[in-house]
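Below is one structure, written out as structure tokens; comments come after it.
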Amino acid sequence: MSVPVDIDNLDNALDEYGLSAFLVSTGDDGHPHITHVSLSICSDGLLCDIGRKTSRNASSRPSAAMFWPPIKFGGHSLIVDGVVSVAEKPEGGFQGVFKPKSAILHRSNPPSEEPTQENCSNDCRPISAKKV
């Protein structure tokens, strides 16, 4: 279930979701790269420090997305599509300016109750890492 967010009112959503998000960029091989960023609002969009890999990805493929998880169980995630421009910081490192283009609030049909170990149903799966 998706609810469009008027991009002109994105500040209202950011007041609720905060200035800490996940930035999703794409590598040369098409593989997504996800990194956690702290944001500040600037005249051009959302400003954040980014690492070498994200700056390389955004320089070659500026289309990106920002993701905020739900604030509470059963709530909506905030997903914002946009474009990242990259600049080197004078003191070293990189900054990205994310210019939002579209946004939605999204969630699957909410489960009837919060999963626990006893009632986990189909949403929970054990995972294990195998050494390669």
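For the sequence shown, the residue numbers in my numbering are -15 to 116. Every residue, glycine too, gets a C-beta built ideally from N, C-alpha and C.
When you compare only the Cα positions, how much space is there between residue i and residue j?
i, j, result
"residue 42", "residue 9", "6 Å"
"residue -10", "residue 20", "24 Å"
"residue 49", "residue 66", "6 Å"
"residue 78", "residue 45", "16 Å"
"residue 92", "residue -15", "6 Å"
Is DSSP giving residue i helix, strand or coil here?
i, result
"residue 0", "helix"
"residue -9", "helix"
"residue 106", "Because residue 106 carries a pLDDT of 49, less than 50, the predicted location of this residue cannot be relied on, and the following value inherits that uncertainty. In the structure shown, residue 106 sits in a helix (DSSP, three-state: H, G or I)."
"residue 55", "coil"
Do the CB positions of residue i and residue j come within less than 8 Å of each other?
i, j, result
"residue 117", "residue 15", "Residue numbering for the chain in the displayed model covers -15 to 116; residue 117 lies beyond these limits and cannot be assessed."
"residue 63", "residue -13", "no"
"residue 3", "residue 22", "yes"
At least three beta-carbon pairs within less than 8 Å, the segment 51 to 62 to the segment 24 to 37: no
Three CB pairs or more closer than 8 Å across the segment 34 to 41 and the segment -13 to 0: no
Every unbroken alpha helix (DSSP H) inside the segment 0 to 49 [4 residues or more]: 36 to 44
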